[in-house]
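Trainee:
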Amino acid sequence: MRLKADLLITHAKLATLAGGTGPRRGLAMRQVGFIDKGVVALAAGKIVFAGTETDLQSAELEVQTVWDAGGRLVTPGLIDAHTHLVHAGSREKELSLKLQGVPYLDILSQGGGILSTVRATQSATEPQLTAQALVSLRHMLEHGTTTVEAKSGYGLNRTTELKQLRVTQALNGLQPVELVSTFLGPHALPPEYRDRSHQFIDEMITLADEVWSLGLAEFADIFCERGVFSVAESRRYLTACRNLGYGLKLHADEIDALGGTELAAELQALTVDHVVAASLDGLRAAAAAGVIAVLLPGTSWNLSGSYAKARFLMDVADGAVALATDYNPGSCPSESLQLIMAFAANGLHMTPEEILTAVTRNAAYAVGRGEKIGRLEAGWQADLCVWETPELAFLPYHFGVNHIHRVYKRGVLVVADGHLISGLHNPESVLPSHLDSSQRSV
Ligand code: IZC
Ligand code: ZN
Numbered sequence: 004m005r006l007k008a009d010l011l012i013t014h015a016k017l018a019t020l021a022g023g024t025g026p027r028r029g030l031a032m033r034q035v036g037f038i039d040k041g042v043v044a045l046a047a048g049k050i051v052f053a054g055t056e057t058d059l060q061s062a063e064l065e066v067q068t069v070w071d072a073g074g075r076l077v078t079p080g081l082i083d084a085h086t087h088l089v090h091a092g093s094r095e096k097e098l099s100l101k102l103q104g105v106p107y108l109d110i111l112s113q114g115g116g117i118l119s120t121v122r123a124t125q126s127a128t129e130p131q132l133t134a135q136a137l138v139s140l141r142h143m144l145e146h147g148t149t150t151v152e153a154k155s156g157y158g159l160n161r162t163t164e165l166k167q168l169r170v171t172q173a174l175n176g177l178q179p180v181e182l183v184s185t186f187l188g189p190h191a192l193p194p195e196y197r198d199r200s201h202q203f204i205d206e207m208i209t210l211a212d213e214v215w216s217l218g219l220a221e222f223a224d225i226f227c228e229r230g231v232f233s234v235a236e237s238r239r240y241l242t243a244c245r246n247l248g249y250g251l252k253l254h255a256d257e258i259d260a261l262g263g264t265e266l267a268a269e270l271q272a273l274t275v276d277h278v279v280a281a282s283l284d285g286l287r288a289a290a291a292a293g294v295i296a297v298l299l300p301g302t303s304w305n306l307s308g309s310y311a312k313a314r315f316l317m318d319v320a321d322g323a324v325a326l327a328t329d330y331n332p333g334s335c336p337s338e339s340l341q342l343i344m345a346f347a348a349n350g351l352h353m354t355p356e357e358i359l360t361a362v363t364r365n366a367a368y369a370v371g372r373g374e375k376i377g378r379l380e381a382g383w384q385a386d387l388c389v390w391e392t393p394e395l396a397f398l399p400y401h402f403g404v405n406h407i408h409r410v411y412k413r414g415v416l417v418v419a420d421g422h423l424i425s426g427l428h429n430p431e432s433v434l435p436s437h438l439d440s441s442q443r444s445v
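In the working numbering, the protein residues as written are 4 to 445.
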């Protein structure tokens with residue numbers, strides 16, 4: 004074997020997640036492919052070799068740089084498969100309502116919650132939205148996230164939805180994290196459409212058509228929940244979106260068991276997200292239909308203390324599970340997938356191996372990129388996390404601090420010694436007079 008590489012990482016403990024096709028299901032989620040004395044070679048943004056030192060010794064090597072990882076754990080870059088990244092403002096003022104016991108859906112029905120972020124996003128400019136998202140993306144990258152799914156849904160009208168989607172698209176070129184765009188037009192019913200939700204769904208289907216022809220999103224999503232959109236409305240919208248060419252995702256059974264999980268199975272959606280209140284039959288049907296369950300334990304921790312039945316999904320239903328932050332200003336204001344990994348251990352009772360699979364390989368399939376990212380395998384993109392520790396279990400165990408040592412995105416070193424390499428990411432270049440506090444508040 005002849006191997007030409009820009010960089011050879013030696014003395015690494017690898018978790019490769021390599022081999023086979025498709026997301027890992029059930030018990031197979033525990034196979035992370037550890038290699039104790041591992042090496043990874045990168046060339047032109049891709050992995051050209053990931054394996055043992057012994058296997059590499061037989062190769063004829065032409066390597067520009069060698070870096071000794073000092074025995075540290077090296078994994079694929081983390082993938083956040085569900086976020087509401089692009090938005091204006093924040094909702095810390097709703098914390099006191101939450102502490103008084105006012106439920107999330109009641110805050111929404113009183114015109115707060117999602118609707119308050121909609122108002123802020125409608126009045127923000129594209130540079131303001133971009134600058135705020137860049138701050139979040141910086142946190143994400145520093146915590147090891149190299150690919151992020153980002154939903155629209157804070158517009159609820161054509162102008163603002165398109166504005167949010169254009170910002171998402173532009174962010175791809177402004178910093179190293181790769182964004183995957185999802186159209187979530189039906190995220191909440193605007194108050195002026197009360198008793199006319201049918202008409203709002205019609206308008207969102209028309210907008211989905213335009214968004215698709217503009218190439219601004221590849222997935223379609225809807226908030227299927229009591230008091231938001233019904234199963235019948237979700238079926239009508241998602242079926243129309245599927246006919247347009249979109250891959251399907253849905254917010255299902257987050258708070259009440261409405262039957263969105265069964266709908267995901269019926270439509271063979273790519274993912275069904277939340278599923279905290281889902282019926283066991285629904286979970287079984289979704290797993291059998293090959294739908295990936297995207298679990299969001301940060302939202303459970305922050306909103307209700309109720310967690311999805313991850314053990315049932317993996318042990319009984321033989322399902323594929325991915326994990327994501329749900330980063331948004333309401334139900335989960337945190338960009339850290341590392342924190343989510345800790346919540347997944349404590350709240351979802353997932354093992355460290357299952358957790359790693361759920362934030363790499365399975366999350367890659369959940370954003371339609373399973374054959375490109377999410378593994379350390381020759382041919383896959385060179386997105387890597389080098390952790391301070393050799394022990395995978397240390398990551399969910401020791402929570403609340405950042406364990407990243409280095410991050411590589413497409414073969415480029417973007418985080419070193421836990422800090423972003425300077426010059427890669429500069430919010431001030433987008434918005435010269437950086438956001439002042441009045442612009443940030445809702
Ligand atoms: O802004 O509250 N659940 N949508 C559905 C969200 C949470 C985002 C938000
Ligand atoms: Zn969400």
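Beta carbons: idealized from backbone N, C-alpha and C, even for Gly.
Ignore the nearest five residues each way along the sequence and tell me which others in Arg33's own chain have a CB closer than 8 Å to its CB.
Mentor: Thr354, Glu356, Glu357 and Thr360
Trainee: Determine the DSSP secondary structure at Phe402, reduced to helix, strand or coil.
Mentor: coil
Trainee: With distances taken from CA atoms, which of Leu137, Ser93 and Ala84 is nearest Leu423?
Mentor: Leu137
Trainee: Is there contact between the region 282 to 296 and the region 331 to 349, where contact requires at least three CB pairs shorter than 8 Å?
Mentor: no
Trainee: What's the gap between the Cα of Asp212 and the Cα of Val415?
Mentor: The alpha-carbon atoms of Asp212 and Val415 are separated by roughly 36 Å.
Trainee: So, is Arg5 buried or exposed, given that buried needs 16 or more other C-beta atoms within 10 angstroms?
Mentor: With a 10 Å radius around the Cβ and a threshold of 16 neighbouring Cβ atoms, Arg5 comes out exposed.
Trainee: Spell out the partners DSSP gives His277 in its beta bridges.
Mentor: Ala255
Trainee: Does the Cβ-Cβ distance between Asp83 and Tyr368 come in under 9 Å?
Mentor: For Asp83 and Tyr368, no; Cβs fall outside 9 Å.
Trainee: Take the Cβ of Asn365 as the centre, count every other Cβ of all protein chains shown within 10 Å, and call the residue buried at 16 or more, exposed below.
Mentor: buried
Trainee: Less than 8 Å separating the Cβ of Ser334 from some heavy atom of ligand 2?
Mentor: Yes, the Cβ of Ser334 comes within 8 Å of a heavy atom of ligand 2.
Trainee: Would you kindly check if the distance between the Cβ of Asp259 and the Cβ of Glu228 is under 9 Å?
Mentor: yes
Trainee: Return the Cβ separation of Pro106 and Leu20 in integer angstroms, given the expectation that the two are a contact with Cβ distance under 8 Å.
Mentor: About 38 Å; that fails the 8 Å criterion.
Trainee: Leu2 and Gln172 look like a contact to me (Cβ under 8 Å); what is the Cβ gap, rounded to whole Å?
Mentor: Since the displayed the chain opens at 4 and closes at 445, residue 2 lies outside it and no answer follows.
Trainee: If you scan the region 171 to 216 from start to end, which runs of the alpha helix (DSSP H) of 4 or more residues do you find wholly inside it?
Mentor: Runs found: 200 to 216.
Trainee: Does the separation of the CB atoms of Ala235 and Gly263 fall below 9 Å?
Mentor: For Ala235 and Gly263, no; Cβs fall outside 9 Å.
Trainee: Using only the heavy atoms of ligand 2, determine whether one of them is closer than 8 Å to the beta carbon of Asp259.
Mentor: Because no heavy atom of ligand 2 lies under 8 Å away, the Cβ of Asp259 does not count as near it: no.
Trainee: Report the residue from Glu195, Tyr240, Val370 and Gly308 whose alpha carbon sits nearest the alpha carbon of Ala153.
Mentor: Val370
Trainee: Threshold first: 3 residues or longer. Then list the beta strand (DSSP E) segments lying entirely within the region 20 to 90, N to C.
Mentor: 37 to 46, 49 to 55, 63 to 71, 76 to 79 and 81 to 83
Trainee: Three-state secondary structure (DSSP) at His408?
Mentor: strand
Trainee: Can you tell me where the beta strand (DSSP E) holding Leu351 begins and where it ends?
Mentor: Unbroken run through Leu351 is the alpha helix (DSSP H), Leu340 to Leu351; no beta strand (DSSP E).
Trainee: Three-state secondary structure (DSSP) at Cys388?
Mentor: strand
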